[in-house]
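The block underneath contains the structure these notes are about, expressed in structure tokens.
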Amino acid sequence: MAIDKLGLEFTASLPETVDAFNGAMDDYMVFAGEPVGHMLAAAEVDPDFAMGYCLTGCLRLFGGVSAAHPRVNLELRAARARRARVTAREQTHIDAFEMAAGGEIGQAGAMWDAILAEHPLDMMAAKCAHECYYLVGESGRMKTSVMNILPAWNESVPYYGFLLGMGAFGLEEAGDYRDAEEMGRRAYAIEPRDCWAVHAVAHVMQMEGRCQDGIRWLDETVDDWQGAVWLQGHLWWHQCLPLIDDGQFGRVLEIFDRHISHCDKDMVTRLMDCTSVLWRLELKGVDFGTRWDSLVDLWMHHVDEHALAFTDAHLAMTLAAAGGEKKLRRFLESQHAYIEGSDSSVAAIVERIGRDLCQGMIEFQRGDYVQAANRIYPIRDEIWRIGGSNAQRDVFLLTLMAALIRAGRHEEARAVLASAAADVPTPSLLLYYGDALDGLGEAQRAEAVRAQARQLVQ
Ligand SMILES: [Fe+2]
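According to my numbering, the stretch in the sequence shown is residues 41 to 498, in order.
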């Protein structure tokens, strides 16, 4: 039996496996190094190290690939084969991994939370639950998952600062912006390499429409997170959002080319960031040449995976923009077959919300704004179920607003924007609000809303 740096027992037969596990978790905290490669190397030589396969498989799933990925499947089988020889805690880890791989991601999160109820210092369980709830858009559970275990932690416990960074993100997604920013800044003060805490604070600024604060925050902290190979692309994506609002499109394209667009085909979360930036630039009417093209090739590797409705939506957006009718048809047929052939929660969400969302984004790209609005408008309050963060899903709301306004449906646009712009007063939303008010002949109010948008970028 081995003991990790948090004092938790796990099954291993080689003494060096302890260092391998601790090292991989250290890397995981800072989104750097090669946690998957190192864990896999350790698991392949230690016949009892089930947690090695469990963590590598989970990290791949959380990176956005599906259980259909050949490596995930292999790691799941390897972990399961060792299940009878490990502790009850490790068995639950393996069962939760299997649950997540089966598309029951929210339930997997609950299983990791069940481990935490008994072992509140199990950082791997905390991270896995956190990732699951993020993937299924369950912000309330993401928050409570951390808050429930926080009393068992203090500054003397390894990774304490990182747990605060996770708590900050949970608070932010749940809408507790003041507590989130305070906790995120505290986490960053304890551990400047906590790029997840930096990320949480950037989210707060985005959601509060604090464009200049957001740009400054990421500029000021860049030296601490630029080495975080597994997250830095997403932080650059965050930097692009206020820059787009501020009309700094040249800088956005420079960031896109230097820091976001170069990625491996299996970095699905990064692919989504690429798609999201380009889509948002198109909404602003920016011409960026052939940048969609290389993305199409990378996304086509995932055309049959349907890991999440959120992933599918970005795939559809990319293919609609530049993939051509044949590839788009191939994707839609595959999605249809997936819905018909799977009874998982992910498949149910793809069927109920994801499919219409994909169709809506495709219609928008084709210039059929009436059909785009018809597809997205009825599901607008359910889109959170597809997963991802509030800031990421904002692209669907922006697209719906553009569709409604271009289709001349100003009344519906105003109804949505009146509350959306109050909740998340980003300049882009406010500008659409102004357009809707203009369309309804309320020029004075429209100008007041535009003035509010201008103030946010000053
Ligand atoms: Fe984010």
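All C-beta atoms in this analysis are idealised placements derived from N, C-alpha and C, irrespective of residue type, glycine included.
Item, Value
"Do you know whose CA, among Ala349, Thr330, Tyr378, lies nearest Ala361's CA?", "Thr330"
"Please determine whether the Cβ atom of Ala431 lies at a distance below 8 Å from any heavy atom of ligand 1.", "yes"
"Quick check on the burial criterion: 16 or more other C-beta atoms within 10 angstroms. Buried or exposed for Ala491?", "exposed"
"Starting from Glu248, follow its DSSP beta bridges and name the residues at the other end.", "Looking at the DSSP assignment, Glu248 forms no beta bridge with any residue, so it has no partner."
"With a threshold of 16 other CB atoms inside 10 Å of the CB of Met139, please say whether the residue is buried or exposed.", "buried"
"What residues match up with Phe50 in a beta bridge as DSSP calls it?", "Ala42"
"Along the chain, where does the alpha helix (DSSP H) that runs through Thr57 open and close?", "56–70"
"Any heavy atom of ligand 1 closer than 8 Å to the beta-carbon of Ala242?", "yes"
"Three-state secondary structure (DSSP) at Ala107?", "coil"
"My guess is that Cys168 and Ala136 are in contact by the Cβ rule of under 8 Å, so how many angstroms apart are they, rounded?", "7 Å"
"Leaving aside the five residues before and after Arg310 along the sequence, list all residues of the same chain whose C-beta is less than 6 Å from its C-beta, in chain order.", "Gly273, Cys303"
"For His342, verify whether its CB is less than 8 Å away from any heavy atom of ligand 1.", "no"
"Would you report the Cα separation of Val390 and Ala349, rounded to the nearest angstrom?", "5 Å"
"Note down, one range per segment and in chain order, each beta strand (DSSP E) of at least 3 residues found wholly within the stretch 213–297.", "none"
"With DSSP collapsed to three states, give me the class of Gln498.", "coil"
"Starting from Phe436, trace the alpha helix (DSSP H) in both directions and tell me its first and last residue.", "430–446"
"Using DSSP with H/G/I as helix, E/B as strand and the rest coil, what is Thr127?", "coil"
"Which residue's Cα is closest to the Cα of Asp421: Arg129, Asp478, Arg433, Ala412?", "Arg433"
"DSSP three-state label for Leu161, please.", "coil"
"Suppose you measure from the CA of Met73 to the CA of Glu158; what does that come to, to the nearest Å?", "The residue asked about is misnamed: residue 73 is Gly in this sequence, not Met. If I take the Cα positions, the gap works out to 30 Å."
"So Val336 packs on Thr358, CB below 8 Å; how close in whole Å?", "6 Å"
"Any heavy atom of ligand 1 closer than 8 Å to the Cβ of His239?", "yes"
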